[in-house]
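Residues in the sequence shown are numbered from 1 upward in steps of one, following our numbering. Note that CB positions come from ideal geometry on N, CA and C, so glycine has one too. Taking it in order: structure first as structure tokens, then the write-up.
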Amino acid sequence: MSLLQQQRRRAREIALQLLYALDMRDDQTPDEAISLFPSEGESEEVLRYATWLVRGIWEKRIEIDNLIRMHITGWRPERMVTVDLEAIRLALFEGLYSKIVPIPVAISEAIELAKRFGTENSGKFVNGVLGKIVRSLAEGEGKDVEGSTPA
């Protein structure tokens, strides 16, 4: 694994933790959560990418959640295990909205995050949801997603 891949993996872990914290506390902004994160020992590149992910996902979370809603049956994002939801949001933002990494890489990274931080079934659940969304979009269903770039 290259240094860039290692840095992005660590940034995704941090972003997942920050997004989880934001979901647990309605009174906190992304910048407040980021400022409270113990960043000692983390490289500037890791923190910059994690910050970009958190801000981007938080800004697009309603759109992302609507995309999730359109492709799942019997579930609402609000009912999902929070770690699973954040991993799905992360993959959709990074792979579809920003197009910074290829979709298969974004999905693979999300599955690994879900396995590491979620429940026993999180990896399979995240894989299933993301697979359904990506297949549907590839078939022309769903909506177009817009791109953005990191600051």
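Could you spell out where the alpha helix (DSSP H) holding residue i opens and where it closes?
i, result
"Trp-52", "44 to 71"
"Ser-39", "Segment: none, Ser-39 is in no alpha helix (DSSP H) and carries neither H nor E."
"Arg-25", "Arg-25 -> no alpha helix (DSSP H), and no H or E assigned at all."
"Ser-122", "122 to 138"
On the CB-based measure, 16 or more other CB atoms within 10 Å of its CB, does residue i come out buried or exposed?
i, result
"Gln-7", "buried"
"Pro-104", "exposed"
"Met-1", "exposed"
"Ala-151", "The predicted model places Ala-151 with a pLDDT of 40, which falls under 50 and marks its position as unreliable; any figure quoted below should be read in that light. The residue in question, Ala-151, is exposed, as its Cβ has fewer than 16 Cβ neighbours within 10 Å."
"Ile-107", "buried"
"Val-134", "buried"
My output table needs one value for residue i: the three-state DSSP class, helix, strand or coil.
i, result
"Ile-100", "coil"
"Val-81", "coil"
"Arg-76", "coil"
"Ser-2", "coil"
"Thr-95", "Sequence check: residue 95 is Gly here, not Thr. The answer is helix: DSSP assigns Gly-95 an H, G or I state."
So residue i packs on residue j, CB below 8 Å; how close in whole Å?
i, j, result
"Glu-86", "Tyr-20", "6 Å"
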